[in-house]
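Notes for the one structure printed next.
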Amino acid sequence: MTTLPLRTLRASLRRLPARPGTLRGRLSLVALATAALLMVILTVVFHTVVRHHLQRQADDELRTRAAAVAATVDTHHVPVRVLETPDDALLDSNVWVYAGPRLLEHPASSPVGDRLTRTATRIAAQSGRRCTTQEGSHPIRLCSEPADDHPAGSAPRAAVVAALDLSPYRSSADTLLGASLALDGAVLLCTYALTRLAVGRALRPVRAMTDQAAQWSAVGSDERFGGTARPTELARLGASLDELLDRIRAMLRHEQQLTRELSHELRTPLARIIAELDWWQARPRSAADTLATHAALGDAAQSMRTICDTLLDDARATSDTAPGTTDVMPVLRQLTDRLRAPGKVAVTVTGPDTLVAGVPAALLERIVSPLTDNALRHARTHIGLRASQQAGHVRVEVVDDGSGVPDSFLADLFQPGRRADPEDGHGGAGLGLPLARRLARSAGGEVTYRTRHAPGATFVVSLPPG
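My numbering puts the first residue of the sequence shown at 201, with every later residue one more than the last.
Printed below as a string of structure tokens:
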């Protein structure tokens, strides 16, 4: 008959959540459990102290009554006798008088052979003062008081035993226990409510920070948590979140920059492919022309592959130094051969053939290529590439006789997306020079602009030797 309710109870308990889902609920539950444990310990200690105190009060009352009766016992004569007193009601108040093992007086409610009388006889035969409790429906406390001076360890010639009902005392203790439990319940209820209120108020700034973060954009917004006064712990959390947002923003910017750089670098080989296809389709071509077009297309495709590999390797690089070495002059000559300079612009390459740089050929090409493209846009009649080794570095100078860089733009020359004159009619997105410097620095080198060079502009690439 009880199987179904038990199963229903177990199923209900399984459906209860194992723990609150919110931090507020968990902290409130922890505070409630801690307060409950503390209140249980205090209640047990308080109840134990109260019961001990009430029992001591009962013992003191019993010894007072027993001492009063012992004063009426005459132990100087044989046999021991109880003297008459004006108030014999003491003998009717649960008092036993013994002369050795012989019972002289006992209460009318406890005749000889009664359980309570047997207990009184047992403690009266012991030396010194003794107290004991006889449990039952009405617990009785009994205390003995010797009526004479006797040697330690020996039984007294006469003794008085007094008894007292402990029910009122225990009833008082139980009443205090019930009141304590009621007070504990009220305190626990207040503790839980106040903890939820306090934790809710403490977490209010966290909710505000969460709402703010949900409205912000890691890239498009400069809002951060550090501008608002908060408690120390939340201020530290806000600072950590600000750093995380800055890192995320930097990563997204780096990804966007990589995308722009790939687009920028791939435009030149794509333009070569389109030009070759247009030239090949303009009119019928011989087999030799077709093979030349295929070779040019293959070279442009290989250049695109090299560009992608170089930029992606640089983006994934974990070291500041790019491995490998290359002969400088063949790379510079190959680079100038690919330039489609107007007929009026001459391109020259000078330098020793024994010059070796401590970077791969693809990386050297990607560093110098934006500089030559920039020179080609602005040169009037001449572009020069001069390679040399100075002060333990391999130097490549890219010189043109164009208009040069305005002094007002020098501070922004290597900033991504910046151009001195966006309306000058030349193509470009302002990414070539920043890319060249970044790639050179990744290999332990540098790209600088030589000021006070007229006419035109001179860019200097410094790389470690091979």
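Ideal Cβ placement from N, Cα and C applies to all residues, glycine included.
From a predicted model like this one, the values you see are computed outputs, not experimental measurements.
Any chance the segment 567 to 579 sits against the segment 598 to 615, with 3 or more Cβ pairs inside 8 Å? yes
In terms of residue numbering, what span does the alpha helix (DSSP H) encompassing Ala271 cover? Position 71 of the sequence shown, counted from the start, is the residue given in the question as residue 271. Per DSSP, Ala271 belongs to no alpha helix (DSSP H) and is neither H nor E.
State whether the segment 658 to 665 contacts the segment 638 to 650, with contact taken as three or more CB pairs (one from each stretch) at a distance under 8 Å. yes
Please identify the residue among Val568, Gly656 and Glu597 whose C-alpha is closest to the C-alpha of Asp607. By one-based count along the sequence shown, residue 607 stands at place 407. The residue with the shortest Cα to Cα distance from Asp607 is Gly656.
On the CB-based measure, 16 or more other CB atoms within 10 Å of its CB, does Arg436 come out buried or exposed? Against the sequence shown, residue 436 aligns to sequence position 236. So Arg436 counts as exposed.
Whole-angstrom distance between Val240 and Leu397, CA atom to CA atom: On the sequence shown, residue 397 is found 197 positions in, with the first residue counted as 1. On the sequence shown, residue 240 is found 40 positions in, with the first residue counted as 1. Approximately 24 Å, taken between the alpha carbons.
Taking Cβ to Cβ, would you say Val531 is nearer than 8 Å to Leu555? Indexing the sequence shown from 1 puts residue 531 at position 331. Indexing the sequence shown from 1 puts residue 555 at position 355. Cβ atoms of Val531 and Leu555: not closer than 8 Å.
Buried versus exposed, by CB contacts within 10 Å (16 or more), Pro484: Here residue 484 corresponds to residue number 284 of the sequence shown, with the count starting at 1. Flag for Pro484 reads exposed.
If you run the structure through DSSP and keep just helix, strand and coil, what is Gly677? The structure shown does not extend to residue 677, since the chain is modelled only from 201 through 666, so no value can be given for it.
Output the distance between the C-alpha atoms of Glu476 and Ala636, rounded to the nearest integer angstrom. Here the question's residue 476 lines up with position 276 in the sequence shown. Here the question's residue 636 lines up with position 436 in the sequence shown. The straight-line gap from Cα to Cα measures roughly 27 Å.
Can you grab the Cα-Cα spacing for the pair Gly558 / Val528, in whole Å? For the purposes of this step, residue 558 is taken as the residue at position 358 of the sequence shown. For the purposes of this step, residue 528 is taken as the residue at position 328 of the sequence shown. Between Gly558 and Val528, the C-alpha separation is close to 10 Å.
Closest to Thr651 by CA distance: which of Pro664, Ser642, Ala325 and Phe609 is it? The residue labelled residue 651 in the question sits at position 451 within the sequence shown. Minimum Cα distance to Thr651 is reached at Phe609.
In the DSSP assignment, the beta strand (DSSP E) including Asp365 goes from what residue to what residue? In the sequence shown, the residue the question calls residue 365 occupies position 165. Where Asp365 is concerned, the enclosing beta strand (DSSP E) stretches over Ala358 to Asp365.
Classify Phe659 as helix, strand or coil using the three-state DSSP reduction. For this step, residue 659 is matched to residue 459 along the sequence shown. Note: Phe659 maps to strand in three-state DSSP.
The ligand ATP and Phe246: does any heavy atom of the ligand fall closer than 7 Å to the residue's C-beta? The ligand ATP is not part of this structure, which contains no ligands at all.
Per-residue DSSP class, three states only, for Pro405: On the sequence shown, position 205 is the one that residue 405 refers to. Helix, per DSSP.
Going by C-alpha to C-alpha distance, which of Leu445, Ala501, Leu535 and Gly336 sits closest to Leu682? This structure cannot settle anything about residue 682, because the visible part of the chain is limited to 201 through 666.
Check whether the segment 380 to 400 touches the segment 229 to 240, counting contact only when three or more Cβ pairs, one atom from each stretch, lie closer than 8 Å. yes
Arg315 beta carbon less than 8 Å from that of Cys331: Translated into positions along the sequence shown, residue 331 becomes position 131. Translated into positions along the sequence shown, residue 315 becomes position 115. Taking 8 Å as the Cβ cut-off, Cys331 and Arg315 do not qualify as a contacting pair.
Measure how close the beta-carbons of Val669 and Ala268 come, nearest whole angstrom, since I'm counting them as under 8 Å. With the chain covering only 201 through 666, there is no way to say anything about residue 669.
DSSP has Gln589 in a bridge; who is on the other side? Translated into the one-based positions of the sequence shown, residue 589 becomes position 389. Per DSSP, Val594.
DSSP three-state call for Ala733: helix, strand or coil? The chain is shown only over 201 to 666; residue 733 falls outside these bounds and no answer can be derived.
Straight-line gap, Leu176 to Thr248 (C-alpha atoms, nearest Å): The question about residue 176 has no answer here: the residues shown for the chain are numbered 201 through 666.
Roughly how many angstroms separate the alpha carbons of Ala363 and Arg226, rounded to a whole number? Residue mapping note: residue 363 aligns to position 163 of the sequence shown, counting from 1. Residue mapping note: residue 226 aligns to position 26 of the sequence shown, counting from 1. The alpha-carbon atoms of Ala363 and Arg226 are separated by roughly 54 Å.
Note down, in chain order, each residue of its chain lying with its Cβ closer than 7 Å to the Cβ of Ser569, except the 5 sequence neighbours on either side. For the purposes of this step, residue 569 is taken as the residue at position 369 of the sequence shown. Counting only Cβ-Cβ distances below 7 Å, and skipping sequence neighbours, we find Leu535.
Cβ separation of Ala579 and Val545, assumed to be a contact under 8 Å, to the nearest whole Å: Numbered from its first residue, the sequence shown carries residue 579 at position 379. Numbered from its first residue, the sequence shown carries residue 545 at position 345. Ala579 to Val545, Cβ: 5 Å. Contact.
Ser569 - containing alpha helix (DSSP H), residue span: For the purposes of this step, residue 569 is taken as residue 369 along the sequence shown, with counting starting at 1. Per DSSP, Ser569 belongs to the alpha helix (DSSP H) from Ala561 to His578.
Alpha carbon to alpha carbon, how far is Arg641 from Gln615? Give it in angstroms, no decimals. Here residue 615 corresponds to residue number 415 of the sequence shown, with the count starting at 1. Here residue 641 corresponds to residue number 441 of the sequence shown, with the count starting at 1. Their backbone Cα atoms lie some 15 Å apart in a straight line.
Beta-bridge pairing of Ile340 - partner residues as DSSP gives them: Your numbering for residue 340 matches position 140 in the sequence shown. Ile340 is bridged to Gln334 and Asp365.
Per-residue burial, Ser228 [other beta carbons within 10 Å of its own, 16 or more giving buried]: Counted from its first residue, the sequence shown places residue 228 at position 28. Buried, because 16 or more other Cβ atoms sit within 10 Å of the Cβ of Ser228.
To which residues does DSSP link Leu303 through a beta bridge? Counting from 1 along the sequence shown, the entry for residue 303 is found at position 103. According to DSSP, Leu303 bridges with Tyr298.
Which whole-angstrom value is the C-beta distance of Arg357 and Thr275, which I expect to be below 8 Å? Here the question's residue 357 lines up with position 157 in the sequence shown. Here the question's residue 275 lines up with position 75 in the sequence shown. Right, the Cβ-Cβ distance comes to about 5 Å (below 8 Å), so this counts as a contact.
Which residue from Ala359, Ala402, Ser440 and Ala308 puts its Cα closest to that of Arg263? The residue given as residue 263 occupies position 63 in the sequence shown. Of the candidates Ala359, Ala402, Ser440 and Ala308, the one whose C-alpha sits nearest the C-alpha of Arg263 is Ala359.
Alpha helix (DSSP H) containing Thr319: first to last residue? Taking the first residue of the sequence shown as position 1, residue 319 is located at position 119. Segment Arg315 to Ala324, the alpha helix (DSSP H) holding Thr319.
Using the C-alpha atoms, what's the distance from Ala471 back to Leu563? Looking up residue 563 in the sequence shown gives position 363. Looking up residue 471 in the sequence shown gives position 271. So the alpha carbons of these two residues sit roughly 21 Å apart.
How many angstroms separate the CA atom of Ala587 from the CA atom of Pro552? Taking the first residue of the sequence shown as position 1, residue 587 is located at position 387. Taking the first residue of the sequence shown as position 1, residue 552 is located at position 352. Straight-line Cα distance between these residues: approximately 7 Å.
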